[in-house]
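Participant:
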Amino acid sequence: MLTLMALCAGLSSIRFALLERWEWAVAAIILAAFLDNLDGRMARLLNVGTQFGVELDSLSDFLSFGVAPSVVVYLWSLQDSGGLGWTIVLFYSVCCALRLARFNARQGEVLPPWAYNYFIGVSAPAGAGLVLLPMMLTFETGLEVFRQPVVAGSVIICTAALLISSIPTYSLKGVKIPQKYVLPTLLGVGLVGAMLVSEFWMTFIGIVIVYFASLPFSIRSFTFLKKEAERIQGHGGDENPPSVPGGDGDPQAGGQT
């Protein structure tokens, strides 16, 4: 049910865009991302994950994060570019489809323990956030420069490349907070909640920028862990070196693909 709600929210963003209710269109995709993250966690909590849920989650992700964001930006900015603008939309959607297909094909692959804390490539919801960044910047600042097709189109192309890349990115689905950090974490969550109420777009702009800024750190930590694992296994026997992680979601519910 949560997955279907995410699907409806993502597709509804296109309707809002056709009505030129741009803020509602972006908010609908943000809601879809929230529900997409929630459905995997609920499936793990209730232990009700199925292969049906995995496939439905991927279809929902493609429509909500592979089609809706690029179409919304096209209607907002790129339609004045004619065929070139639509080509950029198709390129992004194809890259998102390839990313999700790669995820599905690698489900069940056995990974070393340290590799489960990483995705390969930018996740589909994060990609949608990056695509929508120029719109959110325009909402917050009122500057029309972010609406220029060259700006919006460049962001879409770069995001599409990140989706199908082999860049390791942080996965938060397996993070456990140590006891001494529970209170500061709760305070941080409360602060973010307060900022969402008072400065909605600025908060999401900050979240997207922080995520993008974390990519060099995820690459560095992944490379370090991989080298350490290979070094330890090289001294510890004739086990095969760890494979590069391919799956980036929860096998039970599709996770955050």
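Numbering (my numbering), first residue to last: 692 to 948. Even glycine gets a Cβ: it sits at the ideal position worked out from N, Cα and C. Computed from a predicted structure; not experimentally measured.
If you reduce the DSSP assignment to three classes, tell me which class threonine 860 lands in.
Facilitator: By 1-based counting over the sequence shown, the position of residue 860 is 169. Correct three-state label for threonine 860: strand.
Participant: According to DSSP, is isoleucine 855 helix, strand or coil?
Facilitator: Here residue 855 corresponds to residue number 164 of the sequence shown, with the count starting at 1. Three-state DSSP puts isoleucine 855 in coil, outside helix and strand.
Participant: Does the distance from the C-beta atom of leucine 729 to that of alanine 700 stay below 7 Å?
Facilitator: Position 38 of the sequence shown holds residue 729. Position 9 of the sequence shown holds residue 700. Taking 7 Å as the Cβ cut-off, leucine 729 and alanine 700 do not qualify as a contacting pair.
Participant: Can you tell me whether proline 932 is buried or exposed? The criterion is at least 16 other CB atoms within 10 Å of its CB, across all chains shown.
Facilitator: To locate residue 932, count along the sequence shown from 1; it is residue 241. Unreliable positioning characterises proline 932 in this predicted model, as indicated by a pLDDT of 44, which lies under 50. The coordinate reading is nonetheless provided below. Answer is exposed; the Cβ neighbour count stays below 16.
Participant: What does the Cβ neighbour count give for tyrosine 872, buried or exposed, with the cut at 16 atoms within 10 Å?
Facilitator: The residue given as residue 872 occupies position 181 in the sequence shown. Flag for tyrosine 872 reads exposed.
Participant: Thinking just about the alpha-carbon of each residue, which of Ala708, Pro869 and Leu824 is nearest to the one in isoleucine 896?
Facilitator: Walking along the sequence shown from the start, residue 896 turns up at place 205. The residue with the shortest Cα to Cα distance from isoleucine 896 is Leu824.
Participant: Measuring alpha carbon to alpha carbon, tell me which of Trp892, Ser889, Thr694 and Pro803 ends up nearest methionine 733.
Facilitator: Counting from 1 along the sequence shown, the entry for residue 733 is found at position 42. The shortest Cα separation from methionine 733 among Trp892, Ser889, Thr694 and Pro803 belongs to Thr694.
Participant: Please state the DSSP three-state secondary structure of isoleucine 811.
Facilitator: Here residue 811 refers to the residue found at position 120 when the sequence shown is read from its first residue. Isoleucine 811: strand per DSSP, three-state reduction.
Participant: With H, G and I counted as helix, E and B as strand and the rest as coil, what does DSSP make of serine 905?
Facilitator: To locate residue 905, count along the sequence shown from 1; it is residue 214. Correct three-state label for serine 905: coil.
Participant: Let me know if valine 764 comes out buried or exposed under the rule of 16 or more other beta-carbons within 10 Å of its beta-carbon.
Facilitator: Looking up residue 764 in the sequence shown gives position 73. Flag for valine 764 reads buried.
Participant: Short of 7 Å in beta carbon distance, which residues of its chain neighbour glutamine 770, apart from the five on each side in sequence? Order them along the chain.
Facilitator: Taking the first residue of the sequence shown as position 1, residue 770 is located at position 79. Counting only Cβ-Cβ distances below 7 Å, and skipping sequence neighbours, we find Gly776.
Participant: Along the chain, where does the alpha helix (DSSP H) containing arginine 735 start, and where does it finish?
Facilitator: Your numbering for residue 735 matches position 44 in the sequence shown. Unbroken alpha helix (DSSP H) run through arginine 735: 713–737.
Participant: Could you give the distance in angstroms between the alpha-carbon of leucine 710 and the alpha-carbon of arginine 790?
Facilitator: Residue 710 sits at position 19 when you count from the first residue of the sequence shown. Residue 790 sits at position 99 when you count from the first residue of the sequence shown. Rounded to whole angstroms, leucine 710 to arginine 790 spans 30 Å at the Cα level.
Participant: Can you tell me the Cα-Cα spacing of valine 888 and alanine 851, whole angstroms?
Facilitator: Indexing the sequence shown from 1 puts residue 888 at position 197. Indexing the sequence shown from 1 puts residue 851 at position 160. About 31 Å.
Participant: Are the segment 826–834 and the segment 740–757 touching by the rule of at least three beta carbon pairs closer than 8 Å?
Facilitator: With the cut-off at 8 Å, the segment 826–834 and the segment 740–757 do not touch.
Participant: By how many angstroms is the C-alpha of tyrosine 807 removed from the C-alpha of glutamate 919?
Facilitator: Within the sequence shown, numbered from 1, the residue matching residue 919 stands at position 228. Within the sequence shown, numbered from 1, the residue matching residue 807 stands at position 116. If I take the Cα positions, the gap works out to 16 Å.
Participant: Could you give the first and the last residue of the continuous alpha helix (DSSP H) run that contains glycine 776?
Facilitator: Start at 1 with the first residue of the sequence shown, and residue 776 comes out as number 85. From DSSP, the alpha helix (DSSP H) with glycine 776 extends over 774–796.
Participant: Output the distance between the C-alpha atoms of aspartate 941 and valine 901, rounded to the nearest integer angstrom.
Facilitator: As a first step, residue 941 is located in the sequence shown; it is residue number 250 there, counting from the start. As a first step, residue 901 is located in the sequence shown; it is residue number 210 there, counting from the start. Only weak support is given to the placement of aspartate 941: the predicted model assigns it a pLDDT of 43, under 50, and the value that follows is read from those uncertain coordinates. Taking the straight line from one Cα to the other gives about 24 Å.
Participant: Round the Cβ separation of valine 899 and glycine 820 to the nearest angstrom and send it over; I've been treating them as touching at under 8 Å.
Facilitator: The residue you call residue 899 lines up with position 208 of the sequence shown. The residue you call residue 820 lines up with position 129 of the sequence shown. Confirmed, about 5 Å.
Participant: Taking 7 Å as the limit between beta carbons, can you name the residues of its chain near serine 784, skipping five residues before and five after?
Facilitator: The count along the sequence shown starts at 1 and reaches residue 784 at position 93. Taken in chain order, the residues that qualify are Gly757, Val758 and Ser761.
Participant: Check the C-beta distance from glycine 818 over to leucine 854 and give it rounded, since I have them as a contact under 8 Å.
Facilitator: The count along the sequence shown starts at 1 and reaches residue 818 at position 127. The count along the sequence shown starts at 1 and reaches residue 854 at position 163. 5 Å between Cβ atoms; contact.
Participant: What's the call for glycine 879, buried or exposed, on a 16-neighbour Cβ count within 10 Å?
Facilitator: Here residue 879 refers to the residue found at position 188 when the sequence shown is read from its first residue. Its Cβ having fewer than 16 others within 10 Å, glycine 879 is exposed.
Participant: When the Cα atoms are used, what is the spatial distance from phenylalanine 810 to phenylalanine 794?
Facilitator: The sequence position of residue 810 within the sequence shown is 119, counting from 1. The sequence position of residue 794 within the sequence shown is 103, counting from 1. In a straight line, the C-alpha of phenylalanine 810 is about 10 Å away from that of phenylalanine 794.
Participant: The alpha helix (DSSP H) that contains proline 825, what's its start and end?
Facilitator: If you number the sequence shown from 1, residue 825 lands on position 134. Start and end: 824–832.
Participant: Between which two residues does the alpha helix (DSSP H) containing threonine 694 stretch?
Facilitator: Mapped onto the sequence shown, residue 694 falls at position 3. Start and end: 693–709.
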